[in-house]
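Peer 1: Just passing along the structure, written as C-alpha cells.
Chains as they are written, first to last, in the working numbering: chain C, 9 to 154; chain D, 9 to 154; chain S, 9 to 154; chain Z, 9 to 154.
Structure, rendered in C-alpha cells:
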C-alpha cells in the first residue's frame with residue numbers, strides 16, 4: 009500500500025500559526041478512504057451495498073506541529089479486525105521523516121436502519137481485502153517500525 | 009426578529025490571526041436557521057415535510073476582520089421571495105457596531121427527488137411566515153438602516 | 009460551573025445523516041474556552057500573557073449519534089493538572105440525558121517561542137483558578153456521576 | 009497552467025447527501041494556492057516577504073451538486089489585477105465536463121501591520137508572474153470558453 013500524501017492548507021491553520029488539531033481527524037478519513045480504494049474495496053461500495061461504518065472511538069497523539077504548505081505522509085494500517093469491529097492506525101510524518109501525529113480510529117459496521125451488519129457473512133470480499141492488507145501492508149508497517 | 013449572536017471560535021481563526029473567510033458561510037447558515045425558527049417555521053420542519061432548500065448562489069463582502077472571542081451580531085432579512093426563489097441578506101456587525109461582513113444567499117426549493125417544489129401550493133404556512141417577516145423585520149432592518 | 013450548550017448545525021452533519029465525528033473536537037474547544045471564562049481566567053488572557061496551550065493528545069468515545077437541531081450539553085471538568093500538563097474531560101449529553109460522547113484532551117503550556125512555560129511560577133492566578141475548579145466543579149461532576 | 013483536481017471528501021458532505029456549499033470556499037483557496045505555485049510565486053513566499061492577501065469579496069454560483077468521491081477539476085484564472093486589487097475566477101467541473109460551480113474572489117494586499125502594500129514597487133516579480141498568467145492561461149481559459 010502506498011501511504012497517503014496531504015499538503016496542509018491555509019484554512020487548516022489557526023492563529024497559533026500551526027495546523028489546528030481538529031483537521032487531523034479529516035486527514036485520517038481521507039487516508040482511510042484512500043486505503044480502502046487501494047485495497048480494492050472502496051468505502052463508497054460499502055455504502056452502496058447498504059452498510060455504513062461509523063467511527064465509535066478515536067485518539068490522536070500530536071507529536072510535532074506542522075503548518076501551511078507542509079507535506080504530510082500518512083501510513084495507514086489495520087491493527088485489528090473482527091467482523092464486528094475494525095481498528096485502524098495512522099502514522100503521520102513530515103518531509104524529514106519526523107512523526108507529526110499518531111492516531112487510531114475504531115469502527116463498527118451498521119445497516120442503514122442502525123442494526124449491526126453481519127459483515128463476515130454479507131461482505132466476504134471486503135473481509136478478504138482487509139485481511140490481505142493485514143498480512144502484507146509493507147508500506148505502512150515498515151515506516152512505523154523504523 | 010432578534011439578530012443572531014455568535015462568538016468567534018479559536019478553530020475559526022487562521023495563521024493571519026483573523027477569522028478565516030470560509031467560516032462566515034457557516035454563520036450565515038446558523039443565522040438563517042435561527043431566523044426560520046423565530047419566524048415560526050423551522051428549517052427542520054421543511055425537510056420533515058419533504059422539501060430541501062439548497063443554496064444556489066452566495067456572495068460576501070468582507071469589510072473588517074474579526075478574531076477569536078469577538079461577538080458578532082447578525083441581522084437577517086428576506087430580500088425577496090417568489091415561491092421559486094428566496095434571497096436572504098446578512099448584516100454582520102462587531103460589538104462596536106462596525107460592519108464586519110455583508111452577505112447574501114439565494115435559495116431554491118426542491119423535493120427529495122430533485123424536482124422543483126411547488127412551495128406556494130404545498131407550504132402555504134411557510135410562505136405566510138416569510139411574507140410576514142418581510143413586512144416587519146424591524147430588528148434586522150433598522151440596524152442596517154442606521 | 010454551568011455546562012456548555014451547543015445546538016448541532018446543518019453544516020456539521022454528513023451524508024450518513026448524523027453529526028460528522030470531527031466536529032466534536034470543535035465542541036470540546038468551545039466548551040473548554042467557555043469553562044476557562046467561567047473560572048475567571050479566559051484563554052485569550054493566557055495568550056495575551058504570552059502562553060499558548062496546544063492539545064498534545066485527545067480521545068473521543070462516540071456513544072450515540074446526534075444530528076441537526078439536537079441540543080448537546082457538555083459538562084467540562086479538569087481531571088488532572090500538574091503545571092506542566094492538564095487533562096480535561098468532556099461529557100456530552102443529549103436532551104434526554106443520554107451520553108452522546110465522552111472525550112478527553114491533554115494540554116501543555118508553551119511560550120510563544122516554543123519553550124515550556126513555567127506556569128506555576130508565571131501564572132499563579134491561572135493555577136489557582138484551575139485548582140479551585142477541581143475541588144468543586146459540582147455541575148460537571150454530578151452530571152457524570154449520575 | 010494545469011487545472012487543480014480535488015476529490016470530494018466524506019466530511020464535506022451534509023445530510024442532504026451532497027457537498028455542503030461552504031466547502032467550495034476551501035477548494036477555491038486550494039486551487040488559488042496551487043495556481044500561485046504553478047506561476048512561480050507561491051503564496052508562502054508572499055507572506056515570507058511580509059505581505060498578506062486577504063479575501064475582501066467572494067461569490068459562488070452553484071450549478072450542479074456533487075458528492076463524496078466525485079473528482080472536481082478547477083480551472084483558475086486571474087480576471088483583473090491592478091496592483092491594489094486582484095480578482096480570480098474559478099471554474100469547477102465534474103468528470104463529465106458539467107459545470108458544478110463558478111466562483112470569483114477579490115483580494116487586496118496588506119503589510120503585516122495592516123497597511124496597503126505597494127505591490128507594484130515592492131513585489132515586481134509577483135506582478136510579472138500574474139501578468140504572464142493573464143496573457144496565456146490557456147488551460148483555464150479554453151475550458152471556460154468551450
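From the three backbone atoms N, C-alpha and C, an ideal C-beta is built for every residue, glycine too. Please read all numbers here as calculations on a predicted model, not as lab measurements.
(1) To the nearest angstrom, how far is the alpha carbon of residue 78 (chain Z) from that of residue 32 (chain Z)?
(2) DSSP on residue 46 (chain S), reduced to helix/strand/coil?
(3) So what does residue 113 (chain S) bridge to, in DSSP terms?
(4) Look at the alpha carbon of residue 12 (chain Z) and the alpha carbon of residue 102 (chain Z), and state the distance between them as a whole number of angstroms.
(5) Does residue 17 (chain Z) have its Cβ less than 7 Å from a Cβ in chain C?
(6) Could you tell me whether the Cβ of residue 30 (chain D) comes closer than 7 Å to any Cβ of chain C?
(7) Going by DSSP, name the residue or residues bridged to residue 122 (chain Z).
(8) So, under 8 Å CB-CB, residue 116 (chain C) and residue 92 (chain C) are touching, yes? Tell me the CB distance rounded to an integer number of Å.
(9) Could you list which residues in chain D have their beta carbon closer than 9 Å to that of residue 65 (chain Z), in chain order?
(10) Going by beta carbon distance, what residues of the same chain come within less than 6 Å of residue 140 (chain D), once the five residues before and after it are set aside?
(11) When DSSP labels each residue in this structure, what does residue 13 (chain Z) get in the three-state scheme?
(12) Taking the CB atoms as reference points, tell me whether residue 65 (chain D) and residue 114 (chain D) lie closer together than 7 Å.
(13) In whole angstroms, give me the CA-to-CA distance for residue 20 (chain D) and residue 105 (chain S).
(14) Looking at residue 137 (chain S): is its Cβ nearer than 7 Å to the Cβ of residue 98 (chain S)?
(15) Taking residue 121 (chain S) as the reference, which of C:17, C:61, C:15, C:25 has the closest Cα?
(16) Rounded to whole angstroms, what is the Cα-Cα separation between residue 74 (chain D) and residue 83 (chain S)?
(17) Following the continuous beta strand (DSSP E) through residue 82 (chain C), name the residue where it begins and the one where it ends.
(18) Can you list, in chain order, the residues of its chain whose CB lies under 6 Å from that of residue 81 (chain C), leaving out five sequence neighbours each side?
(19) How about residue 59 (chain D) and residue 142 (chain D): are their beta carbons less than 7 Å apart?
(20) Relative to the alpha-carbon of residue 110 (chain Z), which residue among Z:49, Z:36, Z:62, Z:18 has its alpha-carbon at the smallest distance?
(21) Could you give the C-beta distance for residue 71 (chain Z) and residue 16 (chain Z), rounded to a whole number, given that I count them as a contact under 8 Å?
(22) How many Å lie between residue 95 (chain C) and residue 41 (chain S) at the Cα?
(23) When you compare only the Cα positions, how much space is there between residue 56 (chain S) and residue 63 (chain S)?
(24) With DSSP as the reference, label residue 23 (chain S) as helix, strand or coil.
(25) Give every residue of the same chain whose Cβ lies closer than 7 Å to the Cβ of residue 18 (chain Z), excluding the five residues on either side of it in the sequence, and list them in chain order.
(26) Taking only beta-carbon positions, decide if residue 77 (chain C) is within less than 7 Å of chain Z.
(27) Can you name the residues of chain S whose CB is closer than 9 Å to the CB of residue 62 (chain C)?
(28) Under three-state DSSP, which class holds residue 107 (chain C)?
(29) State the start and end residues of the unbroken alpha helix (DSSP H) segment that holds residue 52 (chain C).
(30) Counting only beta-carbon separations shorter than 7 Å, does residue 88 (chain C) have a partner in chain Z?
(31) Under 7 Å, do residue 67 (chain S) and residue 67 (chain C) count as touching if we go by C-beta distance?
(32) Can you tell me where the alpha helix (DSSP H) holding residue 128 (chain C) begins and where it ends?
(33) Determine the direct distance from the alpha carbon of residue 69 (chain C) to that of residue 130 (chain Z), and round the result to whole angstroms.
(34) Might you give, ordered along the chain, the residues of its own chain that have their beta carbon closer than 6 Å to the beta carbon of residue 47 (chain D), omitting 5 neighbours on each side?
(35) For residue 145 (chain Z), which residues of its own chain have a beta-carbon under 6 Å away from its beta-carbon, when the five flanking residues on both sides are left out?
(36) If you drop the 5 nearest sequence neighbours on each side, which residues of the same chain put their C-beta closer than 7 Å to that of residue 148 (chain S)?
Peer 2: In terms of the structure at hand:
(1) Reading the fourth chain from its first residue, position 70 is the one you call residue 78 (chain Z). Reading the fourth chain from its first residue, position 24 is the one you call residue 32 (chain Z). Cα to Cα, residue 78 (chain Z) sits roughly 13 Å from residue 32 (chain Z).
(2) Position 38 of the third chain, counted from the first residue, corresponds to residue 46 (chain S). In the structure shown, residue 46 (chain S) sits in a helix (DSSP, three-state: H, G or I).
(3) Your numbering for residue 113 (chain S) matches position 105 in the third chain. DSSP, once it has assigned bridges, lists S:66, S:96 as partnering residue 113 (chain S).
(4) The sequence position of residue 12 (chain Z) within the fourth chain is 4, counting from 1. The sequence position of residue 102 (chain Z) within the fourth chain is 94, counting from 1. Cα to Cα, residue 12 (chain Z) sits roughly 12 Å from residue 102 (chain Z).
(5) What you label residue 17 (chain Z) is simply residue 9 of the fourth chain in a count that begins at 1. With 7 Å as the cut-off, residue 17 (chain Z) counts as an interface residue toward chain C.
(6) In the second chain, the residue the question calls residue 30 (chain D) occupies position 22. Taking Cβ atoms only, chain C reaches closer than 7 Å to residue 30 (chain D), which makes this a yes.
(7) Here residue 122 (chain Z) refers to the residue found at position 114 of the fourth chain. Answer is none; residue 122 (chain Z) lacks a bridge partner.
(8) As a working mapping, residue 116 (chain C) is identified with position 108 in the first chain. As a working mapping, residue 92 (chain C) is identified with position 84 in the first chain. The beta carbons of residue 116 (chain C) and residue 92 (chain C) sit about 7 Å from each other, so the pair counts as a contact at 8 Å.
(9) Stepping through the fourth chain from its first residue, residue 65 (chain Z) is reached at position 57. Those are 67, 68, 69, 70, listed as they occur along chain D.
(10) Translated into the one-based positions of the second chain, residue 140 (chain D) becomes position 132. Within the same chain, residue 140 (chain D) has no close Cβ partners at all.
(11) Counting from one through the fourth chain, the residue named residue 13 (chain Z) turns up at place 5. Here residue 13 (chain Z) carries a strand assignment [DSSP, helix/strand/coil].
(12) Here residue 65 (chain D) refers to the residue found at position 57 of the second chain. Here residue 114 (chain D) refers to the residue found at position 106 of the second chain. Yes.
(13) The count along the second chain starts at 1 and reaches residue 20 (chain D) at position 12. The count along the third chain starts at 1 and reaches residue 105 (chain S) at position 97. Rounded to the nearest whole angstrom, the CA to CA distance from residue 20 (chain D) to residue 105 (chain S) is 29 Å.
(14) As a position in the third chain, residue 137 (chain S) is number 129, starting the count at 1. As a position in the third chain, residue 98 (chain S) is number 90, starting the count at 1. With contacts defined by Cβ atoms closer than 7 Å, residue 137 (chain S) and residue 98 (chain S) do not form a contacting pair.
(15) Stepping through the third chain from its first residue, residue 121 (chain S) is reached at position 113. Ranked by how close their Cα comes to the Cα of residue 121 (chain S), the residues C:17, C:61, C:15, C:25 have C:25 in first place.
(16) Along the second chain, one-based indexing puts residue 74 (chain D) at 66. Along the third chain, one-based indexing puts residue 83 (chain S) at 75. The alpha-carbon atoms of residue 74 (chain D) and residue 83 (chain S) are separated by roughly 28 Å.
(17) Taking the first residue of the first chain as position 1, residue 82 (chain C) is located at position 74. Residues 79-89.
(18) Within the first chain, numbered from 1, the residue matching residue 81 (chain C) stands at position 73. So the list reads 11, 13, 101, once near-sequence residues are dropped.
(19) Position 51 of the second chain, counted from the start, is the residue given in the question as residue 59 (chain D). Position 134 of the second chain, counted from the start, is the residue given in the question as residue 142 (chain D). Note that the C-beta distance between residue 59 (chain D) and residue 142 (chain D) is not below 7 Å.
(20) Locating residue 110 (chain Z) in the fourth chain gives position 102, counting from the first residue. Closest option to residue 110 (chain Z), judged by alpha-carbon separation, among Z:49, Z:36, Z:62, Z:18: Z:36.
(21) Mapped onto the fourth chain, residue 71 (chain Z) falls at position 63. Mapped onto the fourth chain, residue 16 (chain Z) falls at position 8. Contact flag wrong, Cβ pair sits at about 15 Å.
(22) Working through the first chain from its first residue, we reach residue 95 (chain C) at position 87. Working through the third chain from its first residue, we reach residue 41 (chain S) at position 33. Cα to Cα, the separation comes out at about 31 Å.
(23) Here residue 56 (chain S) corresponds to residue number 48 of the third chain, with the count starting at 1. Here residue 63 (chain S) corresponds to residue number 55 of the third chain, with the count starting at 1. The C-alpha of residue 63 (chain S) is placed about 18 Å away from the C-alpha of residue 56 (chain S).
(24) As a working note, residue 23 (chain S) is residue 15 in the third chain. Three-state result, residue 23 (chain S): coil.
(25) Counting from one through the fourth chain, the residue named residue 18 (chain Z) turns up at place 10. If you ignore the 5 residues before and after residue 18 (chain Z), its C-beta comes within less than 7 Å of the C-beta of 76, all in its own chain and listed in chain order.
(26) As a first step, residue 77 (chain C) must be located in the first chain, where it is residue number 69. Yes, residue 77 (chain C) lies at the interface with chain Z (some Cβ there is under 7 Å from its Cβ).
(27) By one-based count along the first chain, residue 62 (chain C) stands at place 54. Correct list: 24, 26, 29, 70, 73.
(28) As a first step, residue 107 (chain C) must be located in the first chain, where it is residue number 99. When secondary structure is reduced to three states using DSSP, residue 107 (chain C) falls in the strand class.
(29) Counting from one through the first chain, the residue named residue 52 (chain C) turns up at place 44. Run containing residue 52 (chain C): 51-56, per the alpha helix (DSSP H) assignment.
(30) As a working note, residue 88 (chain C) is residue 80 in the first chain. Among the CB atoms of chain Z, none fall inside 7 Å of the CB of residue 88 (chain C).
(31) Numbered from its first residue, the third chain carries residue 67 (chain S) at position 59. Numbered from its first residue, the first chain carries residue 67 (chain C) at position 59. Taking C-beta atoms as the reference points, residue 67 (chain S) and residue 67 (chain C) count as a pair closer than 7 Å.
(32) One-based indexing of the first chain puts residue 128 (chain C) at position 120. 127-130 is the span of the alpha helix (DSSP H), which, as asked, contains residue 128 (chain C).
(33) Position 122 of the fourth chain holds residue 130 (chain Z). Position 61 of the first chain holds residue 69 (chain C). Each residue's CA atom was taken as its position, placing residue 130 (chain Z) and residue 69 (chain C) some 42 Å apart.
(34) For the purposes of this step, residue 47 (chain D) is identified with residue 39 of the second chain, where counting begins at 1. Contacts found: 137, 141.
(35) Numbered from its first residue, the fourth chain carries residue 145 (chain Z) at position 137. Interpretation of residue 145 (chain Z) is limited by its pLDDT of 49, a score under 50 that renders its predicted location unreliable; no figure is taken from the coordinates.
(36) Looking up residue 148 (chain S) in the third chain gives position 140. In this prediction, residue 148 (chain S) scores a pLDDT of 47, lower than 50, which makes its location untrustworthy; the coordinate-derived value is nonetheless stated afterwards. Excluding positions up to five away in sequence, the list reads 9, 11, 83, 84, 85, 99.
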